[in-house]
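Residue numbers (this note's numbering): 582 to 838.
For every residue, glycine included, the Cβ atom is placed at its ideal position computed from N, Cα and C.
See below for the structure under consideration.
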Amino acid sequence: MSITLATWNINSLRVRLEQVLAWLQEHKPDVLALQEIKVTDELFPVEVFTALGYHVAVLGQPTYNGVAILSRVPLKDVVAGIPDYDDPQKRVLAATVGELRVICVYVPNGASVDSEKYVYKLQWFDRLLAYVKNTLTAHPQTIILGDYNIAPEDRDVHDPVAWQGHALVSPKERACFEALLALGLSDTFRVLAPEDNSYTWWDYRMNGFKRNHGLRIDHILATPAVMARAERCVIDKLPRALDRPSDHTPVILQLSA
DNA sequence: ATGCCGCCCGTAGGGCGA
């Protein structure tokens, strides 16, 4: 018996609903964290997930952002957003699943390094860091999964030279990611599947997927207590090859029970 | 590269993503 958790930026739940349902039925994860659902709480189709045996926590928003957590067991102590941070952008959702504290994150994109959005990204990440630090003191078994919009190293980038100077790979963003790891978290893919040039996102434009022009920006981070149970972390590239795909593809972590 | 593609809202085309 094992526990499987996954993360997937689906870039619109309404457009990708059938793909998500099919993926759930095939992989039967215990937990699926979704980002960029781009739907309000009211329009989130809770019932179709309930019918598949999933409990749902949603933090929705019209048009942009929005996150959700699906779980086979009831979600407890749900916390929407980062406490004491009045951010109109809905990017963080936490819940307890069995013994695991799960935080679903959709880190801001950052646009370009000279933009206001980049400033927001760095400030936002400081808030996330403080929140995670607090969470870890109370929950030794914590998993933080989602779209971090940061490629941690050059080996996570198809063309590091072309990306130099852009958001998602800048030294300041990479320092943010390192600061998370410095809290004691592990990048589960790097530890369990350390092959280079493995990506979770490919640009829609210029045949990015066919040419494997990708970035590894979706991550599952885990505390030492979780790592002791971690058996496997894989990127499932298949959904990216479907018709009308998300530009991201799922990352899956398997734990021993 | 002010480009490419796709989604949202809303019904044209700009905002946004990465």
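Proximity to residue i [Cα-Cα], best of the options
i, options, result
"W783", "D622, P664, A732", "A732"
"H829", "H794, V807, Y635", "H794"
"L749", "L651, V772, T588, L796", "L796"
"K702", "Y729, I724, I684", "Y729"
"Y699", "V627, Q600, V683, P752", "P752"
"F630", "S652, L726, D817, I816", "S652"
"P775", "H800, G789, Y785", "H800"
"A524", "W744, I618, K791", "As shown, the chain starts at 582 and ends at 838. That puts residue 524 outside it, with no answer to give."
Rounded Cβ spacing between residue i and residue j (contact assumed at less than 8 Å)
i, j, result
"N646", "S827", "With 8 Å as the limit, N646 and S827 do not qualify as a contact, their Cβ atoms being about 15 Å apart."
"N911", "H720", "With the chain covering only 582 through 838, there is no way to say anything about residue 911."
Beta-bridge partners of residue i, as assigned by DSSP
i, result
"V660", "A675"
"Q835", "T585, R813"
"T723", "R682"
"L802", "I725, D768"
"V738", "L796"
"W783", "G795"
"Y687", "D728"
"H829", "W782"
"N590", "Q616"
Residue i and residue j closer than 9 Å at C-beta
i, j, result
"L681", "Q722", "yes"
"L802", "T769", "yes"
"A675", "A649", "no"
"V688", "K657", "no"
"D737", "I798", "yes"
"V620", "A587", "no"
"D817", "V832", "yes"
"L726", "C685", "yes"
"V673", "G691", "no"
"L709", "L766", "no"
Terminal residues of the beta strand (DSSP E) in which residue i lies
i, result
"V612", "612-616"
"L640", "636-640"
Residue i, enclosing alpha helix (DSSP H) - first and last residue
i, result
"H608", "594-608"
"A806", "805-808"
"L651", "Element bounds for L651: not the alpha helix (DSSP H) but the beta strand (DSSP E), 648-652."
"T631", "627-632"
"K818", "Premise fails: K818 is in no alpha helix (DSSP H) and is neither H nor E."
"A760", "752-763"
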